[in-house]
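To start, the structure under review is shown below, and the notes come after it.
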Amino acid sequence: MGAYTDKIREIAGRLLKDCQVEMVIGFRKGSMPMMNEPCFVTRADAVDQLVWDGSCGINLANYLTGRTEARIGVVAKGCDSRNIVTHIIENKIKREQLTIIGVPCTGMIDKRRLKNLAPGEVLAVEEDGERVVVRGDGFETVHQRREVLQANCAVCHHRNPVIHDELVGDPVSEQTEVDRYADVRAIEGLSAKEKWDYFEALLAPCLRCYACRNACPLCYCPTCFVDEAMPQWVGKSQNPVDVRTFHFLRAYHCAGRCTDCGSCERACPVGINMRLFTKKLEKDAYEMWGWEAGLSLEQRPPLDTYRPEDPEPFIK
Amino acid sequence: MTCIKIDKQLWAQGLAAAEAQYRLFGPVKQGALYQFDALAAGQTPDLDGPNTRTSARAVVYPQSEVLFEYSLDSRDPEAHVLKETPAPAPRAALAVRPCDAYSFVLVRRNFEAPDVKDVYWLRNYAATVFVGLACDRPCSTCFCTSAGCGPYHEEGLDVLLVDEENHYLAKTITDKGAAFLQTAGWRTPADPEAEARIAQRRSAAEARVVSTVPTDRLAQIPQLELYAANFWQDVAFACINCGTCTYLCPTCWCFDIQDETRGNQGIRLRNWDSCMFPLFTLHGSGHNPRGQKVQRVRQRFMHKLKYYVDKYGDGIQCVGCGRCVQYCPVNIDIRRVCELMNGYGQNAACKVA
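Chains as they are written, first to last, in the working numbering: chain X, 44 to 359; chain Y, 71 to 423.
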C-alpha cells in the first residue's frame, strides 16, 4: 500500500499547490499500531504526513458533514465514497465542493482480532502485500491479509470507489462470490428467546459513550434523540431498556442508508458488533428493493420514494 | 508496615473468608474483555490479564447510582419524602492497578473539597479497602511514571500485592488493609528480605515504563495563552466527540443528575457525564458555551493538564494508565497533546501542519 501513500501525497500536493482545494482530508500515521488518525492538510509542503494502509478504517465522509469550504479534497475508499454519495443526496455536502481522491481498497485490518490473536501486546504491524506481520515483545507472527480483515471488509462488494475525481491505483477486483449475510441469517434463524438472550449479551458491555453513533457518517442530526432534553425520550442510566432503545433506534435511522463501512464497530471501545443491527436492515433493503446505499447520485433512497411494485409483505 | 506472604493455594480460601465481611470486586474476563466488576459468590479475580478496559472507578463511583427514592402518591404517608439509599456495606477492590488506585487520590480532591463534601462518593470510598496488584508488565502506552505514580505506587492503596510466582507478598500500607488481610486469614509473615525484593522489582518495573510525557512547563504557561494556542483545531479535527476517553478514564469525575419516575414512584440518579457531549454545557436558555467540537476537546485537555495543575498544584489530572490512548477510535493521543501544551511557546513550530 506504500504506492497508494505516494500517490495520495502527490495528488494532494498538486491540488493544494494549484489552489484547486483549500484542504485535503485524509489519514496520518497514528501513534499506535493499527490506528491512523483522520487529519486535514492545508499546505502542499505538509502533505508528507498523509498515509494509506490497512488501518484507515474510519469513514472520512463523517468529516464532510456541513463543511463550508468551497473546495475540499477527500481521500475515499469504496465505502467512504458510497457515504459521500449518500451525503450529497441528503444535502450534507455539495458535489461541486469535493475533489474525491479514490482509493481502490483491499480491506481494513481487524485490530481487535489481531490483538486477540497475539501472544502479547502488539507493538508493530507491517503490511507486505498479502502478508501482515505482527510484532511484539518476543514474538513475530505472520497472517494472510484476507484472514485478518474486518468482518465488513471480508464481505464487501464495493471495494472500488463508486465516485471519484482522482484514483490512486488501478481498480481492484470485487469480491462478488462472498456470502454477505451469513451472520444475519444465523440470527434470523434463532427463536425469539434465543435472539433476546443473544442481543442482551451483545449489548451488556455498552457504556453509552456513543462512539458507534459518532463515528457513523449517517448520524449527523443536530441533536440525537438520546440527547434531546425537551422532551427527553430516553433514560440516561445503564438501564438495559434504555441501552437497547438507543441501539435499536439508531439502527433504524440507518435503514436504507448504511453502507456497512464498519466504522461503528471499529470505534467501539468495548468491542460490540452493533453492525448486526444495521446489517439486518441493509439486507432487508437489498432483498425488498434491490437497494444498496450510495451507489448512484441519480436514484432516490427507497425510504423516500414510492413505487407501485414495492413489496408489502407486512400488510396481511 | 508489615509484609505478609500469601501462598497462592490459600488465595481462593482467603477470599472466601473475606467474602463474609466484604463485597468483592476485581478484574474478571467477560467475553474478550477484562472488566473491573463485582465478583460472584466464590469467584476469584482474574489476575493474568492486562489492565481492565474500564477502570476501578465504578466501585466508588458507579456509572449510574441511585441517590434516593421518592413517592408522589398523596395517599402514601411518606409521599414526597426523599428516602436515601442504604449506605454501602464494606467492600474490597482486589488487584487494583497502582495507577487506578492513585486516581482515587486525585478524584478525592473534587469530591472532598474543603467547602463541599460529596456524601455519596465519600461513603462508597470509606467503605472500600483497596488491595493493589503491583504491575510488572506495563504496556507501551503506560506513562504512569510521568503522571505522579508508577507500577508499584502505594498512594491510594491499603495493601499492595506483589506476585512472586507461587505466592503473593502483601505489603500492608494502612490499618484498613491489615484488617482485610486478617479477615482473609492471611497471617504468615514474609521473610526479612521481602521488602528489599519488592524495592528491586519496583525499580525493574519502573524501568519497563518506556513512555514518558513532559509536564514541567504546564504550570508556568499562562492559562489564556494555552487556551488560545494555535494547535487546537489540529488536535480536535479527528475527534468524533464520543465519550470513550472520559468513560474509560479513572480520573474523570463529571456527572449528570436525572429523575426517573414511573407512575407515582421515582428515583434520583447520578450518571457519569462527559465534557465531549454537547448536552454537557447546554444552558436552559438554549445557549451553549461549548457548542463546537474544538471547544469541547480543548476543555478536556485544559482541565486535565492545566486547570487542575493550577488549582491543586500537585501535577496533572491523569495517572498515565493509557486507556484513552489505546481506545480513542481516532487516535487522539493525550501524550502528544501534553507535549504540545508543555512545549507551547518554546519551540515555535510545535509540529502543527
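For glycine and all other residues, C-beta sits at the position ideal for the given N, C-alpha and C.
Residue i vs residue j beta-carbon contact at 8 Å
{"i": "M151(X)", "j": "Q218(X)", "result": "no"}
{"i": "P81(X)", "j": "I101(X)", "result": "yes"}
{"i": "V232(Y)", "j": "A204(Y)", "result": "yes"}
{"i": "R202(X)", "j": "G278(X)", "result": "no"}
{"i": "V429(Y)", "j": "S216(Y)", "result": "Outside the displayed range of chain Y (71 to 423) lies residue 429(Y), so it cannot be described from this structure."}
{"i": "P221(Y)", "j": "V279(Y)", "result": "yes"}
{"i": "R193(Y)", "j": "Y92(Y)", "result": "no"}
{"i": "R300(X)", "j": "L261(X)", "result": "yes"}
{"i": "V175(X)", "j": "H186(X)", "result": "yes"}
{"i": "I74(Y)", "j": "A240(Y)", "result": "yes"}
{"i": "A336(X)", "j": "F320(X)", "result": "no"}
{"i": "V98(Y)", "j": "Q113(Y)", "result": "yes"}
{"i": "K326(X)", "j": "Y253(X)", "result": "no"}
Three-state secondary structure assigned by DSSP to residue i
{"i": "Q79(Y)", "result": "helix"}
{"i": "C307(X)", "result": "helix"}
{"i": "P345(X)", "result": "helix"}
{"i": "P262(Y)", "result": "coil"}
{"i": "E209(X)", "result": "strand"}
{"i": "P81(X)", "result": "strand"}
{"i": "A423(Y)", "result": "Low confidence applies to A423(Y): its pLDDT is 42, below 50, so where it sits in the model is not reliable enough to give any reading."}
{"i": "H150(Y)", "result": "coil"}
{"i": "I101(X)", "result": "coil"}
{"i": "K137(X)", "result": "coil"}
{"i": "G247(Y)", "result": "helix"}
{"i": "A418(Y)", "result": "Low confidence applies to A418(Y): its pLDDT is 49, below 50, so where it sits in the model is not reliable enough to give any reading."}
{"i": "Q362(Y)", "result": "coil"}
{"i": "L288(Y)", "result": "coil"}
{"i": "L245(X)", "result": "helix"}
{"i": "L319(X)", "result": "helix"}
{"i": "L340(X)", "result": "coil"}
{"i": "L233(X)", "result": "coil"}
{"i": "L292(X)", "result": "helix"}
{"i": "L103(Y)", "result": "strand"}
For residue i, the residue or residues it bridges with in DSSP
{"i": "H237(Y)", "result": "D77(Y), E234(Y)"}
{"i": "A108(Y)", "result": "F95(Y)"}
{"i": "N341(Y)", "result": "S134(Y), D326(Y)"}
{"i": "T331(Y)", "result": "G336(Y)"}
{"i": "T141(Y)", "result": "The amino acid occupying residue 141(Y) in the given sequence is Ser; Thr does not appear at that position. DSSP, once it has assigned bridges, lists Q335(Y) as partnering S141(Y)."}
{"i": "G116(X)", "result": "V67(X), T142(X)"}
{"i": "M75(X)", "result": "M78(X)"}
{"i": "K279(X)", "result": "For K279(X), which the question treats as bridged, DSSP gives no partner whatsoever."}
{"i": "F200(Y)", "result": "A163(Y)"}
{"i": "R178(X)", "result": "A167(X), E183(X)"}
{"i": "T242(Y)", "result": "V229(Y)"}
{"i": "K187(Y)", "result": "E182(Y)"}
{"i": "V94(X)", "result": "F70(X)"}
{"i": "I152(X)", "result": "L192(X)"}
Buried/exposed call for residue i, threshold 16 Cβ in 10 Å
{"i": "E271(X)", "result": "exposed"}
{"i": "A419(Y)", "result": "The pLDDT assigned to A419(Y) is 48, lower than 50, so where the model puts this residue is not dependable; a value taken from the coordinates is nonetheless given after this. Exposed."}
{"i": "I386(Y)", "result": "buried"}
{"i": "K421(Y)", "result": "Note that K421(Y) has pLDDT 47, beneath the 50 cutoff, so the model's placement of it is unreliable and the number below is only indicative. By the neighbour-count rule (16 or more Cβ atoms within 10 Å), K421(Y) is not buried but exposed."}
{"i": "Y349(X)", "result": "exposed"}
{"i": "I327(Y)", "result": "exposed"}
{"i": "R189(X)", "result": "exposed"}
{"i": "E209(X)", "result": "buried"}
{"i": "P356(X)", "result": "exposed"}
{"i": "M411(Y)", "result": "buried"}
{"i": "Y397(Y)", "result": "buried"}
{"i": "Q105(Y)", "result": "buried"}
{"i": "Y195(Y)", "result": "buried"}
{"i": "V191(X)", "result": "buried"}
{"i": "L294(Y)", "result": "exposed"}
{"i": "E341(X)", "result": "exposed"}
{"i": "A274(Y)", "result": "exposed"}
{"i": "L346(X)", "result": "exposed"}
is_contact[residue i, chain A] using C-beta, thresh 8 Å
{"i": "L294(Y)", "result": "Of the protein chains in the structure, X and Y, none is chain A."}
Exercise for review: Report yes or no: do three or more beta-carbon pairs, one from the segment 342–353 of chain Y and one from the segment 309–319 of chain Y, lie closer than 8 Å?
Suggested key: yes
Check your understanding: Are at least three pairs of beta-carbons, each pair with one atom in the segment 144–161 of chain Y and one in the segment 350–367 of chain Y, less than 8 Å apart?
Key -> no
Check your understanding: Taking contact to mean at least 3 C-beta pairs separated by less than 8 Å, is the segment 363–370 of chain Y in contact with the segment 46–54 of chain X?
Key -> no
Exercise for review: Answer yes if the segment 265–285 of chain X comes into contact with the segment 299–309 of chain X, meaning at least three C-beta pairs across the two stretches below 8 Å, and no otherwise.
Suggested key: At 8 Å Cβ cutoff, the stretches do not touch.
Check your understanding: Hey, is the segment 100–117 of chain X in contact with the segment 58–72 of chain X, meaning 3+ C-beta pairs nearer than 8 Å?
Key -> yes
Check your understanding: How do the segment 74–94 of chain Y and the segment 254–263 of chain Y stand: do at least 3 beta-carbon pairs fall below 8 Å, yes or no?
Key -> Contact holds: three or more Cβ-Cβ distances are below 8 Å.
Review point. So, do the segment 155–172 of chain X and the segment 225–240 of chain X have three or more beta carbon pairs nearer to each other than 8 Å?
Key: no
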